[in-house]
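In the numbering used here, the protein residues as written are 1 to 412.
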């Protein structure tokens with residue numbers, strides 16, 4: 001019964017949002033582009049309502065406990081539920097529009113009609129156990145898909161461009177932490193070229209496009225259990241899920257434990273082991289164009305790397321660059337990286353987009369001396385998600401805005 005009501009709300013609310021917003025646009029070309037964007041926004045809002053069981057549960061409980069309530073009162077309650085949700089969401093719609101009351105009427109009439117059909121089916125049809133199991137599996141799969149939906153952000157921070165981002169020195173001072181072991185020069189990352197460098201996840205999803213792996217697969221969080229999904233691998237799981245289900249990419253998630261040797265934790269050769277593993281994947285799937293090594297950082301026990309995004313506590317992330325260079329002796333010959341500029345430019349673009357859409361989500365980009373397997377490709381990133389002081393849920397929540405940033409920088 002609950003799902004029937006929710007589906008009715010979704011259909012009518014999406015129709016209303018798209019219809020009323022598109023009518024405000026007069027230019028034909030703009031209308032086509034805006035209509036698509038508004039439809040996407042409407043769908044996201046609908047998904048939020050679908051997932052927001054608290055709101056709909058209140059409505060259902062009230063009706064169940066007041067079965068003799070008048071029809072107009074039921075409509076008023078439905079209006080309150082939907083209007084209250086819209087008012088508290090990040091979206092803004094004119095609920096004073098006369099058409100809005102008609103939307104509520106449509107919602108309510110559809111709900112009644114669907115309820116009558118559902119009741120009739122329950123009274124006249126005995127479902128076989130096999131059918132029920134299959135339907136439950138479908139519902140569970142649908143719930144899993146819904147969990148992958150992430151709202152697309154509005155611009156809420158500063159939009160940096162080549163005109164206002166400043167000089168190389170200003171960019172480094174504003175966005176970077178460079179360790180004493182290495183140096184970064186303007187010739188390594190000319191700002192204008194870095195901002196204008198085009199990055200793209202290539203191919204179609206018939207073949208693998210993105211590889212996620214973990215050099216330090218055993219990195220855990222403050223409340224990690226024996227379940228692998230509560231470690232850094234769980235963050236990779238969530239990131240892969242969103243990239244697949246919401247954005248349509250073909251993603252391989254390599255869960256090989258490169259930091260386990262003879263059954264024990266040993267990270268001395270982890271980067272060597274993971275490089276060999278990634279090379280095998282790239283040889284097997286040459287269509288891969290984005291490589292992500294997902295870690296979590298180690299910080300002082302009193303440090304908490306937490307922000308709030310979409311109403312959820314979210315671990316902050318940090319983009320990590322390796323220069324393959326010592327400050328005193330210069331470039332490291334045995335760790336050459338022909339893609340150093342591309343690595344730096346990609347991370348700068350990720351950082352700039354994060355500042356625009358998710359201010360406070362990213363820490364300062366970190367620059368250190370070694371190579372960290374970043375020579376494996378032009379579009380290669382090492383990303384630290386939270387730290388050992390974060391909960392695993394905070395870290396998994398961080399996969400959501402991270403996936404959106406990947407889409408914005410490499411998919412649009």
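Think of the CB as a built atom: it goes at the ideal place given N, C-alpha and C, for glycine as much as any other residue. In this text, all values refer to a predicted model and were calculated from it rather than measured experimentally.
| Check | Outcome |
| --- | --- |
| What is the DSSP secondary structure of residue 334, reduced to helix, strand or coil? | helix |
| Would you report the Cα separation of residue 290 and residue 272, rounded to the nearest angstrom? | 19 Å |
| Taking the alpha-carbon positions, what's the residue 157 to residue 172 distance? | 19 Å |
| Tell me the rounded alpha-carbon separation between residue 397 and residue 274. | 25 Å |
| DSSP three-state label for residue 224, please. | coil |
| Please go through the same chain and pick out, in chain order, the residues whose beta-carbon is closer than 6 Å to the beta-carbon of residue 220, but skip the five residues on each side of it. | 231 |
| What number of angstroms, rounded off, separates the C-alpha of residue 244 from the C-alpha of residue 238? | 10 Å |
| Residue 298 to residue 355, Cα distance in whole Å? | 23 Å |
| Three Cβ pairs or more, each shorter than 8 Å: is that satisfied between the stretch 338-348 and the stretch 371-386? | yes |
| If residue 189 and residue 410 are in contact, beta carbons under 8 Å, what's the gap, nearest whole angstrom? | Residue 189 to residue 410, Cβ: 18 Å. No contact. |
| Buried or exposed for residue 146, going by 16 or more other Cβ atoms inside 10 Å? | Its pLDDT being 41, under 50, residue 146 is placed unreliably by the model, and the measurement read from it follows with that caveat. Result: exposed. |
| Would you report the Cα separation of residue 278 and residue 77, rounded to the nearest angstrom? | 56 Å |
| For the alpha helix (DSSP H) that residue 365 lies in, which residues bound it at each end? | Per DSSP, residue 365 belongs to no alpha helix (DSSP H); it is in the beta strand (DSSP E), 365-368. |
| Within 10 angstroms of the Cβ of residue 399, are there 16 or more other Cβ atoms? Answer buried if so, exposed if not. | buried |
| Within a Cβ cutoff of 8 Å, which residues of the same chain sit near residue 305, ignoring the five residues on either side of it in sequence? | 297, 299, 315, 316, 363, 386, 387, 389, 390 |
| Report yes if the CB atom of residue 250 is closer than 7 Å to the CB atom of residue 286, and no otherwise. | no |
| To the nearest angstrom, report how far apart residue 280 and residue 254 are at their CA atoms. | 11 Å |
| I'd like to know whether the C-beta of residue 77 is nearer than 7 Å to at least one C-beta of chain D. | Protein chains in the displayed structure number just one, and chain D is not present. |
| Taking Cβ positions, are residue 331 and residue 215 nearer each other than 7 Å? | no |
| Give every residue of the same chain whose Cβ lies closer than 6 Å to the Cβ of residue 177, excluding the five residues on either side of it in the sequence, and list them in chain order. | 364, 366 |
| Can you list, in chain order, the residues of its chain whose CB lies under 8 Å from that of residue 308, leaving out five sequence neighbours each side? | 314 |
| Name the DSSP beta bridge partners of residue 199, please? | Bridge partners of residue 199: none, in fact. |
| Give the DSSP bridge partners of residue 322, in chain order. | 368 |
| Do the CB positions of residue 368 and residue 179 come within less than 7 Å of each other? | yes |
| Distance, Cα to Cα, residue 326 vs residue 151? | 42 Å |
| Where DSSP assigns a beta bridge to residue 194, which residues make up the other side? | Partner(s): none; residue 194 has no beta bridge. |
| Should residue 160 be labelled buried (16 or more other beta-carbon atoms within 10 Å of its own) or exposed? | buried |
| Tell me residue 309's beta-bridge partners as DSSP assigns them. | 312 |
| Starting from residue 272, trace the alpha helix (DSSP H) both ways and give me its first and last residue. | 270-284 |
| Tell whether a beta-carbon distance below 7 Å holds between residue 242 and residue 403. | yes |
| Is the beta carbon of residue 405 less than 7 Å from the beta carbon of residue 320? | no |
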